[in-house]
Amino acid sequence: MKTRMVLPFIAALAVATASAAELRIGAATINITPDKPVALDGQFNTRISRGVDNPLTATAVAIEAREGDRCVDQAILLSADIVVFRQPIPGPLRERLRAKLPEFDARKLVMTATHTHTSACTDKGSYDIPKDGVMQPAEYAAFLVERLVEVCTRAWTQRKPGGVSWGLGHAVVGHNRRAVYADGTAKMYGATDDPKFRGIEGGEDHGLELLFFWDKQKKLLATGINVECPSQEVEGRSTINADFWHDVREQLKGMFVLGWPGACGDLSPHRMYRKAAEERMLKLRGLTCTQDIGRRISREVKDVCELTKRDIHTDVPFAHKVEDLALPVRKVTEKEVAEAQKEIEALKKKDDKSSRGAWFQRTIDRFQTQDKEPTFTVEVHVLRIGDIAIATNPFELFHDYGTQMKARSKAEQTFVIELTGGWGRYLPTTRAVAGGGYSAVVQSSMIGPEGGQGLVDRTVEMINAMWPK
Amino acid sequence: MRHLKNLLFPYVMVFALGLVLSPVGAAELWFGAATADITPNPPVPLTGNSSVRIARDIESRLTANVLALESHEGSRVVDQAIMVSCDLCVIRPGIQEGFRKHLAGRLPGFDLNKLFLAATHTHAAPVIQQDRYDEKDYGDALQPKEYVPWLYERMAQAVVKAWKGRAKGAVAWGLGHAVTSHNRRMVYADGTAKMYGTVNTPEFRGIEGYEDHGVHVLCFYDSQKRLKAAAITMATTAQAAGGNKVSSDFWDDARRLIRERHGKDVCVLGFCAAAGDQTPRAHVNKRSEDRMCKLRDLTYGKEIGRRVAAAFDDEAGVIAKDIRADVPFIHRAKQIELPARIITEAEYAVAKKACEEIDSRKTRQKTDAWARHFYGLVVERYLAQQKGGWKTCAMELHVLRLGDVAIATNPFELFVDYGVQIQARSPAVQTFLIQLAASGPLPAYYVPTPRAMAGGSLNEKLFTNYSATASHNIVGSEGAQVLVEQTVAEIKDLWKPSAKQP
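Chains A and B supply the protein sequences, listed in that same order.
Numbers in this note's numbering are just positions in the first sequence, counted from 1, shifted up by 12.
Numbers in this note's numbering are just positions in the second sequence, counted from 1, shifted up by 55.
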């Protein structure tokens with residue numbers, strides 16, 4: 013398997029293995045809720061928002077490591093309540109930051125989407141959106157870029173000497189959502205009370221990777237919460253909603269929260285079995301599901317925060333590498349093209365207005381270009397902060413890949429953050445491709461298991477290069 | 056070859072009597088609970104590993120915790136059950152039946168077929184059957200033949216106390232979560248799998264199966280709504296602590312913390328749900344877990360106990376809003392037959408050769424007795440199967456309905472996928488599974504999934520694809536599916552309106 017670095021980004025100030033330096037930290041948060049109805053992102057069908065359940069936010073933490081007057085390395089970690097960071101957001105955002113913060117290398121902006129499916133669409137081609145009375149995607153995108161520039165700028169300009177601590181907690185939040193059947197097929201959200209049901213395809217990771225940012229007086233500035241679950245419990249609604257991250261933030265009042273989804277392409281907060289027992293417990297607690305997830309996460313965050321407060325580091329090794337990694341595309345077969353054509357015809361007959369037709373059409377288009385464009389380039393960030401590593405990718409990355417990265421990492425604790433720096437769609441495993449179903453079929457993924465392994469291998473190399481051999 | 060028919064005959068007779076349909080209408084619930092200390096004085100031979108370890112110290116006490124249940128409609132007994140959770144590795148073949156015999160005549164009015172023993176699977180408990188270790192390794196340590204009668208009497212006293220002490224009470228149930236164990240089977244690029252395999256290798260591709268982190272709780276209250284007993288089941292075997300001391304593993308801390316917070320007399324029954332491929336051992340996040348334990352100043356075993364107790368705390372306060380005194384209660388105990396895993400000619404050849412090599416060794420190796428036992432069993436089963444025997448495996452199945460809760464037992468180390476299937480298809484609001492329970496006259500061992508069986512075949516290294524090869528599977532995936540179907544059918548039967556009629 014060949015992977016190659018298309019644009020190896022070698023920051024002038026970056027070092028291969030990190031040395032200890034003084035940390036300067038700033039944090040800020042901002043409201044990114046549109047003030048008009050918008051098209052909601054994340055589903056095949058068009059949904060126009062009918063109100064706001066709770067605010068969408070973006071949070072930024074700026075980190076700079078300094079040795080005297082010299083900047084050793086830097087990062088702005090940005091997390092926003094949107095489905096994915098796709099164009100036209102990343103490019104214009106970086107351009108604006110270059111102009112506004114010349115001392116900050118805009119490539120070192122780490123943009124993560126929490127994947128809430130009840131946030132505004134930023135892509136004009138996705139849905140059939142009424143022109144009147146609805147904020148158009150381009151308008152929302154411009155508003156969003158403006159707000160993101162502001163929150164990054166505030167975080168960067170407010171940075172002051174501070175420290176970090178980290179820890180591992182546990183909260184059962186995300187569940188593997190792919191049911192496997194006796195005939196070997198798999199289905200996302202497939203029925204589990206079916207006699208042919210044989211089990212859940214993959215695993216789950218209920219570890220909460222937690223990174224705390226402190227000021228010099230040991231006052232908590234912000235927390236990075238890496239949970240292996242996209243925020244889509246209320247994904248079917250037609251109201252604006254930050255999903256469970258809103259409840260986490262509510263229950264951690266006063267704390268700026270960076271919501272970081274782990275490798276959870278095959279996970280979601282939806283329960284696959286024991287639904288009646290879970291529902292009953294929610295009723296007894298008087299909580300909604302997102303409130304209960306907020307309760308589970310915030311309880312652990314508070315517990316681990318107290319524990320790791322004894323272990324705050326102000327002068328840890330810090331390094332941040334960014335690579336544009338070219339991964340081999342998943343090749344569309346002739347059979348898959350024929351199937352896609354058949355599906356498109358069937359959708360036309362049904363006068364289907366959803367984006368399903370476009371979803372199949374993209375597969376046919378790929379077939380035409382895949383020989384000329386055999387690779388798909390993705391942005392990968394790897395950071396070392398003390399004994400922890402943070403590794404990002406733009407996919408809905410299946411759990412197994414995250415497990416491999418963590419297992420092979422030299423870091424004491426490894427944060428794997430997906431949906432960062434763009435959107436690479438699902439990245440399924442070999443067993444998922446064999447089982448089929450949404451999220452594993454070719455329409456759902458640009459990159460297949462071959463590219464997945466390339467991503468893992470290169471990410472692990474990048475992490476381990478930051479630690480002594 | 057064992058004389059299966061002779062061994063099974065008393066069971067079949069006994070269970071034929073137990074098949075009388077019981078009514079499921081709401082009735083007054085009576086319960087009693089008691090605890091027995093079953094810790095022997097060291098030196099003690101410990102079971103669970105491939106060679107015997109002699110414990111000369113006690114890390115924590117071993118207990119047997121007993122819950123007696125009976126439902127009444129006026130003066131009429133509707134149904135009954137006695138469950139015993141034991142800090143033992145496995146309820147070895149014949150132990151439960153021996154215990155029932157030991158109890159004969161001591162529980163007036165109780166049908167002994169409605170009692171079952173279950174093991175927490177602590178690997179730091181005494182050997183209770185002399186079949187897999189070399190007696191020469193025991194030295195001055197306690198022999199199973201000395202320990203078992205003493206164990207029976209200790210447990211019998213607790214059972215009698217729980218049964219005689221039963222009184223009108225109430226029950227509540229709930230589901231919580233705790234990350235107490237992880238799937239322990241690693242899969243590699245070449246398709247092989249290994250229990251506790253290396254994860255920091257480029258060939259590592261992921262963890263084979265799913266993980267279940269549900270903590271199912273049943274709480275029993277006296278007439279003043281004071282908590283008196285709690286049964287907890289979760290897909291976690293008691294093998295976090297390890298070591299060479301007698302230990303009840305994380306259950307010791309879990310029980311202590313629960314009693315400190317909920318009442319010093321609370322009897323805590325620890326059960327293990329389907330967890331053949333899941334144990335309380337960190338793999339992928341090991342260094343991070345170790346650091347957190349250090350920050351908490353706890354061993355990993357104690358940390359697991361803390362998490363279990365925390366999950367219990369979290370649930371107990373919530374479910375106390377829904378305490379019920381008049382729930383449907385029904386208990387069925389029956390014998391079922393599962394297709395056995397068929398030994399192939401290749402497996403027989405491997406096992407035969409391994410036996411011959413062990414038998415021919417002049418110098419005995421530490422794990423020889425254990426390996427000889429398992430390879431020998433493969434040979435024995437193959438030869439029996441060639442003559443038409445050992446094609447099925449008989450097991451005792453207990454299925455209970457208590458309010459909206461179903462409880463189902465099996466004697467195996469049942470892989471998580473099967474537990475998920477049973478829970479997913481059960482009509483009960485909540486389904487408690489208890490593995491390593493109600494063991495019969497035959498060994499049970501692991502019950503693997505098809506994907507686990509595909510991870511490697513029996514060879515000269517007994518740990519190759521350990522837990523999913525013929526050496527450690529009396530029942531394979533075919534039999535497991537029958538177990539799932541039968542268990543689900545039995546549970547469904549308890550939810551039929553007709554089951555309400557006596």
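Even glycine gets a Cβ: it sits at the ideal position worked out from N, Cα and C.
Residue i: contacting residues in chain B (beta-carbon distance under 8 Å)
i: L319 of chain A; result: M347, L350 and R351
i: G323 of chain A; result: Correcting the residue identity first, residue 323 of chain A is Asp in this sequence and not Gly. Correct list: L350.
i: Q483 of chain A; result: Residue coverage of chain A in this structure runs from 13 to 481, which leaves residue 483 of chain A outside it and unanswerable.
Paired residues, beta bridge with residue i - DSSP
i: F367 of chain B; result: Paired residues: none, contrary to the question.
i: W226 of chain A; result: A:G175 and A:L232
i: I92 of chain B; result: First, the amino acid is wrong: residue 92 of chain B is Asp here, not Ile. According to DSSP, which records beta bridges pairwise, D92 of chain B is partnered with B:T118.
i: T387 of chain A; result: A:P340
i: H237 of chain B; result: B:T334
i: D134 of chain B; result: B:S126
i: S140 of chain B; result: B:N120 and B:A173
i: P273 of chain A; result: A:V239
i: A198 of chain A; result: A:V192
i: Y243 of chain B; result: B:F259
i: R297 of chain A; result: DSSP lists no partner for R297 of chain A.
Within chain A, the residues that residue i reaches when beta carbons sit closer than 7 Å
i: P498 of chain B; result: Within 7 Å Cβ-Cβ: nothing; P498 of chain B doesn't reach chain A, min ~25 Å.
i: I462 of chain B; result: The contacting residues do not exist; I462 of chain B stays about 14 Å from chain A at best.
i: F429 of chain B; result: Those do not exist, as F429 of chain B stays about 27 Å from chain A at its closest Cβ, beyond 7 Å.
i: N340 of chain B; result: L180, G219 and K418
i: I374 of chain B; result: L296
i: N255 of chain B; result: A419 and R420
Beta-carbon gap between residue i and residue j smaller than 8 Å
i: T447 of chain B; j: F470 of chain B; result: no
i: F487 of chain B; j: A461 of chain B; result: yes
i: V246 of chain A; j: T130 of chain A; result: yes
i: T320 of chain A; j: G261 of chain B; result: no
i: I378 of chain B; j: A227 of chain B; result: yes
i: L11 of chain A; j: L89 of chain A; result: Only positions 13 to 481 of chain A appear in this structure, which leaves residue 11 of chain A out of reach.
i: K283 of chain B; j: V321 of chain B; result: yes
i: I137 of chain B; j: K169 of chain B; result: yes
i: Y139 of chain A; j: S367 of chain A; result: yes
i: A483 of chain A; j: L35 of chain A; result: Residue 483 of chain A lies beyond the stretch modelled for chain A, which goes from 13 to 481, so this question has no answer here.
i: G229 of chain B; j: G87 of chain B; result: no
i: S115 of chain B; j: S302 of chain B; result: yes
i: E83 of chain B; j: D381 of chain B; result: yes
i: I305 of chain A; j: V185 of chain A; result: yes
i: G495 of chain B; j: L393 of chain B; result: no
i: N545 of chain B; j: L452 of chain B; result: Note on residue identity: the sequence assigns Glu, not Asn, to residue 545 of chain B. Yes, they are a contact pair.
i: V192 of chain A; j: G211 of chain A; result: yes
i: T326 of chain A; j: V394 of chain A; result: no
i: A39 of chain A; j: V64 of chain A; result: no
Neighbouring residues, chain A, relative to residue i (Cβ below 8 Å)
i: V537 of chain B; result: The premise fails here: V537 of chain B is roughly 12 Å from chain A at the closest Cβ pair, so nothing lies under 8 Å.
i: Q478 of chain B; result: Y285 and R286
Partners in chain A for residue i, counting only beta-carbon separations shorter than 9 Å
i: Q135 of chain B; result: Ordered by position in chain A, no residue passes the 9 Å Cβ test against Q135 of chain B, which lies about 25 Å from the chain.
i: T504 of chain B; result: R210 and G211
Proximal chain B residues relative to residue i, where beta-carbon distance stays under 9 Å
i: I305 of chain A; result: Chain B residues near I305 of chain A: none, gap ~11 Å exceeds 9 Å.
i: G215 of chain A; result: H237, N238, G261, I262, E263, G264, Y265 and E266
i: T441 of chain A; result: R260 and G261
Contacts that residue i makes with chain B (C-beta to C-beta distance below 7 Å)
i: E290 of chain A; result: L230
TODO: For the region 299 to 342 of chain A, list the beta strand (DSSP E) runs that are entirely contained and at least 3 residues long, ordered along the chain.
DONE: Runs of the beta strand (DSSP E) spanning 3 or more residues and lying entirely within the region 299 to 342 of chain A occur at 330 to 340, in chain order.
- [ ] Pick out the complete beta strand (DSSP E) segments inside the region 52 to 122 of chain A, 3 residues or longer, and give them in chain order.
- [x] Entirely contained in the region 52 to 122 of chain A, the beta strand (DSSP E) runs reaching 3 residues are, in chain order, 69 to 79 and 82 to 92.
Open item on the list: Count Cβ pairs between the region 78 to 88 of chain A and the region 176 to 186 of chain A that sit closer than 8 Å; are there 3 or more?
Closed with: As far as the Cβ criterion goes, the region 78 to 88 of chain A does not touch the region 176 to 186 of chain A, which means the pair count is below three.
TODO: Enumerate, from N- to C-terminal direction, the unbroken beta strand (DSSP E) stretches of 3 or more residues contained entirely within the region 473 to 543 of chain B.
DONE: Runs of the beta strand (DSSP E) inside the region 473 to 543 of chain B: 485 to 489.
TODO: Take every Cβ of the region 255 to 273 of chain B, pair it with every Cβ of the region 209 to 217 of chain B, and state whether three or more of those distances are shorter than 8 Å.
DONE: Remark: fewer than three beta-carbon pairs, one from each stretch, lie closer than 8 Å, so the region 255 to 273 of chain B and the region 209 to 217 of chain B are not flagged as touching.
TODO: May I have a chain-ordered list of the alpha helix (DSSP H) segments no shorter than 4 residues that lie completely inside the region 277 to 343 of chain B?
DONE: Listed in chain order, they are 305 to 317.
Open item on the list: Three Cβ pairs or more, each shorter than 8 Å: is that satisfied between the region 398 to 409 of chain B and the region 450 to 467 of chain B?
Closed with: Not touching, per the Cβ criterion.
Task: Stretch pair the region 285 to 300 of chain A + the region 357 to 373 of chain A: three plus CB contacts closer than 8 Å - done: The region 285 to 300 of chain A vs the region 357 to 373 of chain A: no contact.
Open item on the list: Count Cβ pairs between the region 146 to 163 of chain B and the region 327 to 340 of chain B that sit closer than 8 Å; are there 3 or more?
Closed with: They do not touch, by the three-pair rule.
Task: Those runs of the alpha helix (DSSP H) which lie wholly inside the region 357 to 443 of chain A and span at least 4 residues - done: Entirely contained in the region 357 to 443 of chain A, the alpha helix (DSSP H) runs reaching 4 residues are, in chain order, 368 to 381 and 411 to 420.
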